[in-house]
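What follows is one structure encoded as structure tokens, with my remarks underneath.
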Amino acid sequence: MSDAPDTARQIKKPKRALDPKYANYRGVWVYVEHEHGYVHPVSWELLGKGRQLADKLQVPLAGIVLGGTDAGIRALCDEAARHGADLCYLVQDDVLHDYRNQAYTKGMADLVERFQPEVLLLGATTQGRDLAGSLASTLLTGLTADCTGLDIDASDRTLLSSRPTFGGSLMCTIVNMATRPQMATVRPRVMPMPQRDPARTGEVIEHALGLSEAEVVTKVVDFIPDAQADKPQLAFADFIVAGGRGMAKPENFGLLFDLAKELGAEVGASRPAAHAKWVEADRQVGQSGKTVRPKLYIAAGISGAVQHRVGMEGADIIVAINNDEKAPILDFSNYALIGNAMELLPALTEAFRERIAAAKAKRGVVA
Amino acid sequence: MSEKFDVIVVGAGPSGNAAAYTLARAGLSVLQLERGESPGTKNVQGAILYAHALEKIIPDFRDHAPLERHVVEQRMWLMDEAQACSGMTYRDEQFAQPPHYRYTIVRARFDRWFSEQVREAGATVINETTVTGLLKDKNGKVVGVQTERDGGEIRADAVILADGVNSLVAQRAGLREDIRAEHAALAVKEMLFLPRETIEQRFGIGEEQGVVIEIAGRITHGMVGTGFLYTNHDSLAIGIGCMLSDLRRQQLSPYQLLEGLKRHPSIRPLIEGAEMKEYAAHVIPEGGYKALPRLYGDGWMIVGDSAGFVNAVHREGSNLAMTSGRLAAETLIALKTRDKPFTASNLSAYKAALDGSFVMKDLKKYAEVPSFLHGNPHMLGTYPSLLNTAAREMLMVDGTDKRTKQRRIFAEVREKRSLLGLVGDSYRFWRAFK
Amino acid sequence: MSRALDSMPMHIVVCIKQVPDSAQIRVHPVTNTIMRQGVPAIINPYDLFALEQALRIKDSADARVTVLSMGPFQAEEALKKCLSYGADDAILVTDKSFAGADTLATTYALAAAIRQLDRQHPVDIVFTGKQTIDGDTAQVGPGIAVRLGWQLLTYVSRLREFDAAAKTITVERRAEGGVQVLESRLPCVITMLEDTNEMRFADMAGMFRAERYEVPRWDRSAAGIEDVSRIGLKGSPTVVAQVFAPKPKDVRAVTIEGETPRDKADRLLDRLFADNPALEATLLDHLETVETAK
Chain F
3 MSDAPDTARQ
13 IKKPKRALDP
23 KYANYRGVWV
33 YVEHEHGYVH
43 PVSWELLGKG
53 RQLADKLQVP
63 LAGIVLGGTD
73 AGIRALCDEA
83 ARHGADLCYL
93 VQDDVLHDYR
103 NQAYTKGMAD
113 LVERFQPEVL
123 LLGATTQGRD
133 LAGSLASTLL
143 TGLTADCTGL
153 DIDASDRTLL
163 SSRPTFGGSL
173 MCTIVNMATR
183 PQMATVRPRV
193 MPMPQRDPAR
203 TGEVIEHALG
213 LSEAEVVTKV
223 VDFIPDAQAD
233 KPQLAFADFI
243 VAGGRGMAKP
253 ENFGLLFDLA
263 KELGAEVGAS
273 RPAAHAKWVE
283 ADRQVGQSGK
293 TVRPKLYIAA
303 GISGAVQHRV
313 GMEGADIIVA
323 INNDEKAPIL
333 DFSNYALIGN
343 AMELLPALTE
353 AFRERIAAAK
363 AKRGVVA
Chain B
29 MSEKFDVIVV
39 GAGPSGNAAA
49 YTLARAGLSV
59 LQLERGESPG
69 TKNVQGAILY
79 AHALEKIIPD
89 FRDHAPLERH
99 VVEQRMWLMD
109 EAQACSGMTY
119 RDEQFAQPPH
129 YRYTIVRARF
139 DRWFSEQVRE
149 AGATVINETT
159 VTGLLKDKNG
169 KVVGVQTERD
179 GGEIRADAVI
189 LADGVNSLVA
199 QRAGLREDIR
209 AEHAALAVKE
219 MLFLPRETIE
229 QRFGIGEEQG
239 VVIEIAGRIT
249 HGMVGTGFLY
259 TNHDSLAIGI
269 GCMLSDLRRQ
279 QLSPYQLLEG
289 LKRHPSIRPL
299 IEGAEMKEYA
309 AHVIPEGGYK
319 ALPRLYGDGW
329 MIVGDSAGFV
339 NAVHREGSNL
349 AMTSGRLAAE
359 TLIALKTRDK
369 PFTASNLSAY
379 KAALDGSFVM
389 KDLKKYAEVP
399 SFLHGNPHML
409 GTYPSLLNTA
419 AREMLMVDGT
429 DKRTKQRRIF
439 AEVREKRSLL
449 GLVGDSYRFW
459 RAFK
Chain A
157 MSRALDSMPM
167 HIVVCIKQVP
177 DSAQIRVHPV
187 TNTIMRQGVP
197 AIINPYDLFA
207 LEQALRIKDS
217 ADARVTVLSM
227 GPFQAEEALK
237 KCLSYGADDA
247 ILVTDKSFAG
257 ADTLATTYAL
267 AAAIRQLDRQ
277 HPVDIVFTGK
287 QTIDGDTAQV
297 GPGIAVRLGW
307 QLLTYVSRLR
317 EFDAAAKTIT
327 VERRAEGGVQ
337 VLESRLPCVI
347 TMLEDTNEMR
357 FADMAGMFRA
367 ERYEVPRWDR
377 SAAGIEDVSR
387 IGLKGSPTVV
397 AQVFAPKPKD
407 VRAVTIEGET
417 PRDKADRLLD
427 RLFADNPALE
437 ATLLDHLETV
447 ETAK
């Protein structure tokens, strides 16, 4: 899935010397992101990729865990080791109980300055991008955001970070020759999940935060989990059923909602459908709407214009329902049902309903 | 606080820009309102720029306008649906000598430049603002415009309507009727990108030189219409247009026609490997002289496409547009200098100026053409295809003697069109085009 | 939402960027070059949510909105558009020495300009979009906050309340899996989440004002930048080393055949669950979570 830097083509690295103060920076770090007891899976994906990079550089791979003083936090270090980390740096303090930019930036910046890694990877999530942005500015180092491919040029130890550019029509590879650590945030679900090894362990190096609650300006007064919110949450949905102009009229979107209900899915729409106000604007998927990365994306009556494609091609599985077998969406879908969406959707809803009922029954028996 | 101007120009196409520029240069306070995001975004043309019309407005335009190539060669092609093409080529070394009289342009760039000139001349140019109606005083004199925006009433002593083929403003104000389907052509156009050197190689032209291909024949499936292919610096403009009424009757979309044109063996190698990067459709008013609306009234004038100033026979429009815009502006300037009000009777000078110019003279000359073509589908369908058949017969060396070939050709002509019809067509053709 | 009557109005700075409308950019299939020709320049769509939020504060409180952009002269158009919507002032930070700037160098220059504005009229809030559509870095907001030493509030979906006199603000911030409600202090830097509001339609007076406004251009020294090693190419550690076309996704849809719609649907599910063994469990788990949430 990931777009590795195209090493077959020439990479033109600028002639820039590394500032001597970074000469001894060694090691690959992966930030282990968690919030409210939930570890973002991108952390494990990055440990998998980080393992490869560390091996190429012949350096250890470290997991970075910051958090409150509850016992579960230290356990994250063990889990990081099982996903490939050689060691973990751990900063525990009540001030770090909730993610807050100021406190986490301070904790990370201190760790970097003390232990001097050459590569630092974070997930391109709201937390990872918030933290990476202020951390890079604090450390005065370069950061490549939202990468989809990573590699190492072992000859000069540079990180080759690739990412889509110009609305997803091109890829670019970005390097940082001048400063360390070389930072990158990486899109979730792009790197493969590494094999978890329950027997693997690693050293844990603890570090103090050195920041009191009084010094932290911003306070978290509440956290509202998404399940309680009543607005569409497409960006975070695992299952999406989307419709486009091919749905012909707004009433037909009801068929999408029927299917979505079976799957517990969100309903999305292409730009033309959203612009025609067939659904709310915040259901629009694409360049000028939401970028989604669901596990399953069912697109009915969507031709697959670039504008839509860049917003949804990160889906694990794409099913296209279209009456045109030449529709561009078929070029990046996994499965296609060719025919009238207004007939196929109800059939699919029925088929899913029966399949899910059967699976539930089976699971009940097993449990 | 309500704004007040000497003149409001509605629209920033060639006619509106010509008018606004001329007025602002003369020192009148001018507001130009354009509904597109920037001037040119709603404009579609092949596009050929005739120097004479712009020269009268901006004499030194050649030094700074974004021109693509000057035209050194014109080809006229008659094409059947899918196989054959006959035609003629006119290339003239004189065309290659400056000052050039005809250029290909890319309208988005050209219009942006033209609009900058309008701004620099001192006009206030406001984009993304749609005029929804005209303000009139109790005597019915137009005294300003209403826009869709809050606080959108703007006053002026005169309004020039240059808002394009549909001229919704004029329609709503009851100054004009909606364009009729048999007076409107629907044209579609694509911009196909190719490296500059490839274009010069394929068309046998030097740097800055351009070729124009005008296309007629069965490629339009017998409908009244034509196609074209123009060379820009690093792109080709290709398009085809037909009368809206014909397209409706035959239930064909112009996109299908354009695809057919691009697939035609005489076109395909010219556009091979090119990438389409722009696509546009546009309605062209081709009703000609007989379809012209009223051109002026108390406090208003209408110019360009809005008035239907298009010479369909010679594929000219923008030069008529610019000229009409300039003449409207000059009419107002003259009145303003003499401190005369912009009443209907005073504005009749605009019509007189038009009558004295090539705009009206050409439109009158071809006044009968639109109805002639409608009544005679053979002109665009049967005759071109017969011509191609004839050419094929004569050029194919297959052991048949030439006299037999000629006999075959004549037989085919007789079969497709009676002799009497042929004579009648010739007469009507001569009448319409004379 | 108050401020002492005798004090100056609030000062809100909105950072915007003019970007090519990436939805309209095409790449030449043969030469692999970007065909920018004719691609319209627009205000980065994410920045419009920031501007609208700033204007809403101005609607309800005594506030002045200054729009700030770094870029070439053409970026004036974008700034003028912001003025038509209702911004009070606009500044274009433009200097040849900025060329080649990455986000680190960009935020250095923008932060310097904001400091200048702050000296003229103390700034309470800097708003910007969550990211641009041409760079997607999402680093400019954080970078400005760090350089100014102000509080950073990213991915904000709603301003719950603020008190300019007490210098406090409460916002809702999009986090993974939920919304954080944060209480913070002014001055701060806020990056707005998309779809949090809808840009207003400029009135006619705004259009005239924008058309007639002369946007001041600040060069390096006007922006208060002394250290030239920290701007432009020199101040940018990251460099684009390669641009290449993405490999076409190696999937081409498998068309599921069938006699009837239902037949096709069943065959699709057979295929779907066979090819993706984990999907069934994932779906059931997901449905359980949905049920529980209810």
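Protein chains in written order, with our numbering: chain F, 3 to 369; chain B, 29 to 462; chain A, 157 to 450.
Built from N, CA and C at the ideal position, the CB exists for glycine as well.
A Cβ-Cβ distance of about 6 Å is found for the pair Arg273 (chain F) and Gln286 (chain F), placing them in contact under the 8 Å criterion. Following the DSSP letters along the chain, one finds Val30 (chain F) inside the beta strand (DSSP E) bounded by residues Val30 to Tyr33.
Counting C-beta pairs closer than 8 Å gives fewer than three between the region 408-423 of chain A and the region 273-289 of chain A, which falls short of the contact rule. Beta-bridge annotation (DSSP): Ala271 (chain F) is paired with F:Gly245 and F:Gln286. Relative to the Cα of Arg247 (chain F), the nearest Cα in the group F:Ala262, F:Gly270 and F:Glu264 belongs to F:Gly270. The Cβ neighbour count for Arg431 (chain B), taken over all protein chains shown within 10 Å, is under 16; the residue is labelled exposed. With its beta carbon at least 7 Å from every one in chain B, Met355 (chain A) lies outside the interface. Shown here for Arg355 (chain F): same chain residues with a beta carbon closer than 8 Å to its own, the five before and five after excluded, namely Glu264 in chain order.
Taking the Cα of Asp274 (chain B) as reference, the smallest distance to any Cα among B:His92, B:Leu375, B:Arg208 and B:Ala309 is reached at B:Arg208. If you ignore the 5 residues before and after Leu214 (chain B), its C-beta comes within less than 7 Å of the C-beta of Gly269, Cys270, Leu272, Leu275, Pro282, Ala309 and Val311, all in its own chain and listed in chain order. The beta carbon of Ile331 (chain F) sits closer than 7 Å to the beta carbons of Ala301, Ile304, Ser305, Gly306, Ala322 and Asn324 from its chain, once the five residues preceding and following it are set aside; these are given in chain order. Excluding five sequence positions before and after Met110 (chain F), the CB atoms of its chain that fall closer than 8 Å to its own CB belong to Tyr33, Ile66, Leu68, Leu133 and Leu137, given in chain order. Excluding residues up to 5 positions away in sequence, Val218, Thr220 and Val222 lie with their Cβ nearer than 7 Å to the Cβ of Arg102 (chain F) in the same chain.
Against chain A, a Cβ distance below 7 Å from Glu37 (chain F) picks out Ala331, Glu332 and Gly333. Apart from sequence neighbours up to five positions away, the residues of its chain that approach Gln184 (chain F) with a beta-carbon distance below 6 Å are Val121, Leu161 and Asn178, ordered along the chain.
Note on Lys17 (chain F): under 16 other CB atoms within 10 angstroms of its CB, so exposed under the neighbour-count rule. For Gln94 (chain F), the enclosing beta strand (DSSP E) begins and ends at Leu89 to Gln94. Apart from sequence neighbours up to five positions away, the residues of its chain that approach Leu51 (chain B) with a beta-carbon distance below 6 Å are Val35, Val58 and Ala357, ordered along the chain.
Taken atom to atom, the span from the alpha-carbon of Met363 (chain A) to that of Glu65 (chain B) is near 13 Å. The shortest CA-to-CA distance from Lys169 (chain B) to any of B:Val159, B:Asp185 and B:Glu181 is the one to B:Asp185.
At least one beta carbon of chain F lies nearer than 7 Å to the beta carbon of Ala421 (chain A). Tyr264 (chain A) and Ala301 (chain A) have their C-alpha atoms some 10 Å from each other. Taken atom to atom, the span from the alpha-carbon of Arg356 (chain A) to that of Gln209 (chain A) is near 10 Å. By the Cβ test, the region 207-214 of chain F is in contact with the region 77-97 of chain F, since at least three Cβ pairs between them sit closer than 8 Å. Setting aside the 5 residues that flank it on each side, Arg182 (chain F) is surrounded in the same chain by Tyr24, Tyr27 and Glu120, each with a C-beta closer than 6 Å to its C-beta; the list follows chain order. Rounded to the nearest angstrom, the Cβ distance from Ile188 (chain B) to Val331 (chain B) is 6 Å, consistent with a contact under 8 Å. DSSP, read as helix, strand or coil, puts Asn347 (chain B) in helix.
Using a CB distance below 9 Å, the part of the region 233-255 of chain F facing chain A consists of Ala237, Phe238, Asp240 and Phe241, ordered along the chain.
For Asp178 (chain B), a Cβ of chain A is located within less than 7 Å of the residue's own Cβ. Within the DSSP bridge table, the entry for His342 (chain B) names no partner. Secondary structure note for Tyr202 (chain A): its alpha helix (DSSP H) is the uninterrupted segment Pro201 to Ser216. With a cutoff of 7 Å on beta-carbon distance, Ala206 (chain A) and Gly334 (chain A) are scored as not near each other. Inside the region 278-320 of chain B, DSSP marks whole alpha helix (DSSP H) runs of 4 or more residues at positions 282-291 and 296-299, from first to last along the chain.
For Pro166 (chain F), the pairing in a beta bridge is given by DSSP as F:Met173.
For Arg147 (chain B), the CB contacts under 8 Å within the same chain, skipping 5 residues up- and downstream, are Val153 in chain order.
The beta carbon of Asn103 (chain F) falls within 7 Å of a beta carbon belonging to chain A, placing the residue at that interface.
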